[in-house]
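The sequence shown begins at 146 in the working numbering and counts up one residue at a time. C-beta: ideal position from N, C-alpha, C; glycine also. These numbers come from a predicted model, not from an experiment. Below: one structure, written as structure tokens.
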Amino acid sequence: MFKFYSLSSSSTGNCLLVESDESKILFDVGISMKKINTELAKINMSLSDISAIFITHEHVDHCKSLETINKKYNIPIYTNLETWETLNKTSTKINNESK
Numbered sequence: 146m147f148k149f150y151s152l153s154s155s156s157t158g159n160c161l162l163v164e165s166d167e168s169k170i171l172f173d174v175g176i177s178m179k180k181i182n183t184e185l186a187k188i189n190m191s192l193s194d195i196s197a198i199f200i201t202h203e204h205v206d207h208c209k210s211l212e213t214i215n216k217k218y219n220i221p222i223y224t225n226l227e228t229w230e231t232l233n234k235t236s237t238k239i240n241n242e243s244k
């Protein structure tokens, strides 16, 4: 069974959590890391519980806190090649081993 939580959905930032018995995956991190942790705390979770992050595309409302989260947590990041290349052009602090 899957559970879906919309942590934020607007033009100012998007973040969706998909949870199964085996994993917890964030789709997009377009809000601040603090806000993500605040929203996760409402459902008794934190970023340390997240198994992976999927980035749908490189617009800021979908990847705003990716660099900050990547620096603090060792969460694998998944995206398509074009988005990955664009993210690495604009943010050199993304850990390439997260790919």
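Note to self: Going by DSSP in three states, residue 243 sits in which element: helix, strand or coil?
What the structure shows: The predicted position of residue 243 is uncertain, since its pLDDT is 45 and thus under 50; a value taken from the coordinates is nonetheless stated next. In the three-state DSSP reduction, residue 243 falls in the helix class (H, G or I).
Check: So is residue 167 buried or exposed if we call it buried at 16+ other beta carbons inside 10 Å?
Finding: exposed
Margin query: At the level of alpha carbons, what is the spacing between residue 243 and residue 229?
Written below: Its pLDDT being 45, under 50, residue 243 is placed unreliably by the model, and nothing is read from it.
Checklist line | Helix, strand or coil at residue 163 according to DSSP, with G and I counted as helix | finding: If DSSP states are grouped into helix, strand and coil, residue 163 belongs with the strands.
Next item on the list: Kindly list the residues whose CB is nearer than 6 Å to the CB of residue 202, restricted to its own chain and excluding five residues on each side of it in sequence; keep chain order.
Entry: 228
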